Amino acid sequence: MLAYKQEDLVYQIALSTVPNIGPVQAKILVEHFNSAEAIFKASFDELSNVENIGTVRAGSITAFGNFAAAEQQIPFLEKYKIQPLFLTSPAYPQRLLHCNDAPTMLYYRGNADLNTAKVISVIGTRGCTHYGRQVTEKLMADMAGSNILVVSGLALGIDAVAHKAAITNRLSTIGVLAHGLDTIYPYQHKTLAKEMTEQGGLLTEFSQGVQPDKHNFPKRNRIVAGMADATVVIETGVKGGSMITANLAYSYNREVLAFPGKATDAKSAGCNHLIKTNKAILLTDAQQLLDTLGWENTTAAAATPTPAVDLSSLTTEEQTILNICRNKELTHIEELYGQSGLSSGAVATALLQLELQGILIAQAGKNYQLTV
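The opening position of the sequence shown corresponds to residue 1 in the working numbering, with each subsequent residue numbered one higher.
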């Protein structure tokens, strides 16, 4: 007979493998029955009467019998000091727990606090340019001493640059994996991954033996988006994993910030699109990120005077937006849509130009603040 805690862990791991029971249904069941063991010991009628479970899913649970496979995971977890995190674990990332599709189980190897006060995700294209690398490295350098936890996906390109730069600047960094902790993908990041377990960690919802299959990466992306206060998009095209992650973060009502790029640069087209459609705040530096999130930068340099802005050169649309924002501490985007009489595209264009000129600053909750 297993020790109580180990037996409970077997039920928890097993729940994450039951056919027809995904993260959404598992979370509903855990909230109803309070534990994985109670779910497996519930009757068919008790299970089927739970909202959004029904007879098919109830049958999958009562028919489940492969607890041995779950039990076989435990020696691996113990050998490599991997922390299993069930939905009810106090160490489970609480920001992620607020997402309706939070993973039933997480496996964590590292020393960083996943519930630390300040967490950002940094994402971008695998085929990053010199500009993308430069922006990422400067962002990490400017955040040194801020005690921010940096999350990314340990992929090639921006992810790896973010992890490495975080380590260089003594920031803890978490790599979210699309496979089990018994392997590292891509292989060339094996050394980086080892460094991260000593200054951050590796996190995955996939158990030992799960390979980095294509369909695992979107699942990985929701963890990257869900466990952070904000997602920073460095450089991305209009399609791909970074756009999926950014849109997930937006759907979770988290702040999304993006560095703008040239209009002709395909690798910044995704960032520009996020900014244009008001899904992301235009980001230019670390201090703006800290200000937007209300985080104090203990290492920030003394502020320099802001040069005067020539308001006479504004377009009619820009002046309209400016007038709406006057005499207000903050103005919400919906207020700008409603009062300006402009199309959403015209509002977005005017906001972008006003931000670039430093006249407006995007703040949390899709609000804008006048600086002049």
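Think of the CB as a built atom: it goes at the ideal place given N, C-alpha and C, for glycine as much as any other residue. Remember, it's a predicted structure, so these values are computed and weren't measured experimentally.
Apart from the five residues on each side of it in sequence, which residues of its chain come closer than 7 Å, Cβ to Cβ, to residue i?
i: Tyr4; result: Confidence in Tyr4 is poor, its pLDDT being 38 and thus under 50, which makes the residue's placement too unreliable to answer from.
i: Asp336; result: This sequence places Leu at residue 336; Asp is not what is there. Result list for Leu336: Ile321, Ile324 and Val347, in chain order.
i: Ile275; result: Ala258, Pro260, Leu282 and Leu352
i: Ala42; result: Phe33
i: Val161; result: Cys128, Arg133, Thr136 and Glu137
i: Leu217; result: Note that residue 217 is Phe in the sequence shown, not Leu. Cβ within range, chain order: Ala178 and Gly241.
i: Leu314; result: Leu322
i: Ser48; result: Gly54, Thr55 and Ala58
i: Pro307; result: Residue placement at Pro307 is poorly supported in this model, since its pLDDT is 49, which falls under 50; the coordinates are not used for a value here.
Could you tell me if residue i is buried or exposed, where buried requires 16 or more neighbouring beta carbons within 10 angstroms of its beta carbon?
i: Ala301; result: In this predicted model, Ala301 has a pLDDT of only 39, less than 50, meaning its place in the structure is not dependable; the value taken from the coordinates is given anyway. The residue in question, Ala301, is exposed, as its Cβ has fewer than 16 Cβ neighbours within 10 Å.
i: Ala263; result: exposed
i: Gly65; result: exposed
i: Leu311; result: exposed
i: Asp229; result: buried
i: Thr299; result: Reliability of the predicted coordinates at Thr299 is poor, the pLDDT of 49 falling under 50, and no value is obtained from them.
i: Tyr368; result: buried
i: Gly153; result: buried
i: Glu329; result: exposed
i: Asn147; result: exposed
i: Thr292; result: buried
i: His163; result: buried
i: Thr331; result: buried
i: Thr304; result: Here the model assigns Thr304 a pLDDT of 40, short of 50, so the residue's position is not dependable and the matter cannot be decided.
i: Val256; result: buried
i: Thr277; result: exposed
i: Thr104; result: buried
i: Asn327; result: exposed
i: Lys239; result: exposed
i: Ala58; result: buried
i: Lys267; result: buried
Residue j and residue i - do their beta-carbons sit closer together than 8 Å?
i: Ile281; j: Phe259; result: no
i: Gly110; j: Met196; result: yes
i: Val24; j: Asp101; result: yes
i: Glu198; j: Ile223; result: no
i: Gly270; j: Gly237; result: yes
i: Pro39; j: Leu15; result: Here residue 39 is Ile; the residue named in the question, Pro, does not match the sequence. Contact: yes.
i: His179; j: Pro212; result: yes
i: Val372; j: Ile361; result: no
i: Leu85; j: Leu106; result: yes
i: Arg254; j: Thr284; result: no
i: Ile184; j: Asn221; result: no
i: Ile74; j: Gln12; result: no
i: Leu87; j: Val176; result: no
i: Leu203; j: Tyr108; result: yes
i: Glu318; j: Leu342; result: no
Taking 6 Å as the limit between beta carbons, can you name the residues of its chain near residue i, skipping five residues before and five after?
i: Thr62; result: Phe44
i: Cys99; result: Gly226 and Tyr252
i: Arg126; result: Ala155, Leu156 and Gly157
i: Leu139; result: Ala286
i: Cys128; result: Gly157, Ile158 and Glu235
i: Val50; result: His32
i: Thr191; result: none
i: Arg95; result: Met227
i: Glu355; result: Leu282
Any heavy atom of the ligand NAP closer than 7 Å to the CB of residue i?
i: His215; result: For the structure depicted, the ligand NAP is absent and the ligand set is empty, with no information on it obtainable.
Looking only at its own chain, which residues have a Cβ that is under 8 Å from the Cβ of residue i, when we skip the five neighbours before and after it?
i: Ser60; result: Val18, Pro19, Asn20 and Ile21
i: Gly209; result: Gly180 and Asp182
i: Asp116; result: The question names Asp, yet the displayed sequence has Thr at residue 116. Closer than 8 Å at Cβ, skipping near neighbours: Asn147, Leu149 and Ser172.
i: Gln339; result: Ile324
i: Lys118; result: Ser146, Asn147, Ile148, Leu149, Asp229, Leu293 and Trp295
Note to self: Would you call the stretch 80-89 in contact with the stretch 168-177, where contact means no fewer than 3 C-beta pairs closer than 8 Å?
What the structure shows: Touching, no.
Item checked: Complete alpha helix (DSSP H) runs within the stretch 32-81 (minimum length 4 residues, chain order) -> Here the runs fully enclosed are 36-41, 44-48, 54-63, 67-71 and 74-79.
Checklist line | Length-filtered (4 minimum) alpha helix (DSSP H) runs lying within the stretch 224-311 | finding: Runs of the alpha helix (DSSP H) inside the stretch 224-311: 241-251, 269-276 and 286-293.
Next item on the list: Report the residue ranges of all beta strand (DSSP E) runs contained in full by the stretch 94-166; include only those spanning at least 3 residues, in chain order.
Entry: Segments of the beta strand (DSSP E) lying fully in the stretch 94-166: 105-110, 119-123 and 149-152.
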